[in-house]
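Structure first, then comments.
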Amino acid sequence: MVRGIPAGQRGRGGCGSQRQSGRGRGYGRRMAGKRMVPDSWTRSPVGPAEDSQTKTEITREQELDALKAQERDIQAQILYLEKRIRAIETGTSSDFKAFVDSDKCAGCGTCEDVCPVGAIVVDEIASIDAECCIGCGSCVAQCPRGALNLYSLTEQSA
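Heads up: the sequence shown begins at 1 in UniProt numbering, then just goes up one per residue.
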């Protein structure tokens with residue numbers, strides 16, 4: 001028995017033999033620098049091939065608009081989290097409610113999409129269910145025309 005292989009089994013292509021794997025002596029030197037995975041395995045079969053004519057150039061304005069939208073999203077999330085934290089810590093809900101300036105509202109529906117409790121319905125212009133509104137300010141932060149604002153319930157009753 002040589003290297004754990006019985007004499008009758010050497011060179012027959014058994015499991016792990018050099019013949020079966022096709023490697024043999026000098027395999028590492030022969031394969032140095034060669035790609036081990038076929039290109040067809042690494043190419044993405046989805047989507048059209050890109051060339052210089054099909055690439056879309058993003059303008060400065062488009063990038064700026066996208067960044068401003070992300071900023072509004074982040075501001076709304078921060079405002080919402082601050083309101084929720086305060087409500088949990090104090091055991092009360094927000095003392096603010098949202099209202100719509102109908103002269104500024106374009107009816108785009110952004111506020112309706114971002115309202116976490118579904119208090120806003122847009123039918124030409126936005127309308128807010130005051131009973132449902134939690135005063136988080138998400139709609140205010142997201143409105144592209146500044147048509148939504150928050151008013152304080154404590155100032156109204158004082």
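Heads up, the beta-carbon is just placed ideally off N, CA and C, and yes, glycines get one too.
- When DSSP assignments are scanned along the stretch 53-105, the uninterrupted stretches of alpha helix (DSSP H) that are 4 or more residues long and fall wholly within it turn out to be 60-90.
- Less than 9 Å separates the beta-carbon of residue 72 from that of residue 142.
- Sequence-distant Cβ neighbours of residue 114 in its own chain, meaning closer than 7 Å and more than five residues away, are 76, 138, 139, 142.
- Scanning the stretch 108-150 for uninterrupted alpha helix (DSSP H) segments of 4 residues or longer gives 110-114, 138-142, listed from N- to C-terminal end.
- The beta-carbon separation of residue 107 and residue 117, rounded to 20 Å, does not stay under the 8 Å limit for a contact.
- At the C-beta level, residue 99 and residue 128 come within 9 Å of one another.
- Taking the Cα of residue 146 as reference, the smallest distance to any Cα among 124, 154, 70, 103 is reached at 103.
- Excluding residues up to 5 positions away in sequence, 142, 143, 144 lie with their Cβ nearer than 7 Å to the Cβ of residue 110 in the same chain.
- Distance check between residue 125 and each of 132, 134, 119, 105 places 105 closest, using alpha-carbon atoms only.
- With respect to residue 80, residue 136 sits close: the two C-beta atoms are nearer than 9 Å.
- Straight-line spacing of the CA atoms in residue 151 and residue 87 works out to 17 Å.
- The alpha-carbon separation between residue 120 and residue 101 amounts to approximately 13 Å.
- Comparing C-alpha distances from residue 112 to each of 148, 82, 89 shows the shortest one belongs to 148.
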